[in-house]
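Structure first, commentary second.
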Amino acid sequence: MILATLLSVLAFLTVIPVHAQTGIIVPLYSYPETNATWEPLEIAIGTFPDVQFYVIINPDSGPGATDTNYQGAVAALNPYANVLLVGYVLTGYGTRPLYEVQQDIETYAGWPAATGLAGIFFDETLAGLTQTYTAYTDAARNVTWPGRSTAYVILNPGEDIGDSDYYAFADQIVTFEDTYPRYQNLAPLPLPHPAQQSVIMNSFNGTNETLASLVQCFETSGLASAYITDLDTDIYNSFGSDWTAFAQDVNTTEGVSGVYDE
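Mapping of the sequence shown onto the working numbering: residues 51 to 312, in sequence order.
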């Protein structure tokens with residue numbers, strides 16, 4: 051009788067949908083002129099240790115020239131257990147030669163171990179080029195990274211790509227990068243693989259209550275990560291006035307995803 055009851059409970063548990071908390075993806079495209087430049091991010095990271103932050107490092111639309119000041123600022127983010135740092139690489143919508151992409155990847159991978167870089171954010175991703183983006187991804191995973199045994203890869207088409215083959219090799223895919231009004235016109239967004247999908251939204255002009263509801267909607271959907279800013283110009287060069295509220299809203303959802311420890 052006890053065994054039968056236990057088996058019934060286990061059978062019930064196996065059908066309960068379980069998903070990780072929605073994390074925060076941060077396009078960190080500003081230059082750390084002073085300690086204050088990235089301070090809003092570091093404060094949020096330290097204040098909300100149960101939120102996973104995926105931070106996109108972008109010195110110059112790619113790794114750019116060696117800059118010890120920049121690398122030092124990145125290294126200051128690395129000690130936090132809830133941070134995963136990826137380097138920005140342009141792909142030219144699949145037209146950029148593989149050797150050029152490899153050079154950028156190898157430059158990032160060669161940064162000091164203290165920076166903790168763990169992978170690549172491939173921008174200007176175009177749908178339907180599986181062979182090309184598989185090659186780019188393989189290039190990232192064929193090098194040794196300071197902060198991870200194998201590269202964490204994020205693709206950014208910035209729009210819906212359907213049930214693409216890309217989900218077979220990418221860790222995350224940004225399937226919406228646009229304004230809040232545009233989101234309102236499209237919602238609900240297609241989410242064929244929510245645990246691998248990310249939303250990056252600018253020009254948010256709603257209330258605090260609307261922001262909280264939006265974050266809760268993403269969490270309920272099982273979205274991997276999101277970024278919402280009220281900025282409508284230079285949107286990735288600073289943090290909007292809603293940054294703290296957004297981070298707080300994400301924090302109030304569930305426990306940390308723990309993907310960094312793979």
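From the three backbone atoms N, C-alpha and C, an ideal C-beta is built for every residue, glycine too.
- In this structure F268 is not in contact with A262, their Cβ atoms being roughly 11 Å apart against a cut-off of 8 Å.
- Relative to D173, the option among V136, Q102 and N192 whose CA is nearest is V136.
- The residues L176, L179 and T182, in chain order, have a CB closer than 6 Å to that of G144 in the same chain once the five nearest residues on each side in sequence are set aside.
- Residue environment analysis places P147 among the exposed positions, since fewer than 16 neighbouring C-beta atoms fall within 10 angstroms of its C-beta.
- Note on G169: 16 or more other CB atoms within 10 angstroms of its CB, so buried under the neighbour-count rule.
- Under DSSP, D173 takes part in a beta bridge, and its partners are L140.
- DSSP, reduced to helix, strand and coil, places T145 outside both helices and strands of the structure shown, so it counts as coil.
- Of all alpha-carbon atoms in A218, Y186 and N132, the one lying nearest the alpha-carbon of L140 is that of Y186.
- When the beta-carbon positions are compared, D215 and V203 stay at least 8 Å from each other.
- For F226, the three-state secondary structure derived from DSSP is strand.
- The beta carbon of W161 sits closer than 7 Å to those of Q121, L167 and P196, all from its chain and outside the five residues before and after it, given in chain order.
- At a cut-off of 4 residues, the continuous stretches assigned as alpha helix (DSSP H) that sit fully inside the region 257-311 are 258-271 and 293-301.
- Counting along the chain, P77 sits inside no alpha helix (DSSP H); it lies in the beta strand (DSSP E) bounded by residues G73 to L78.
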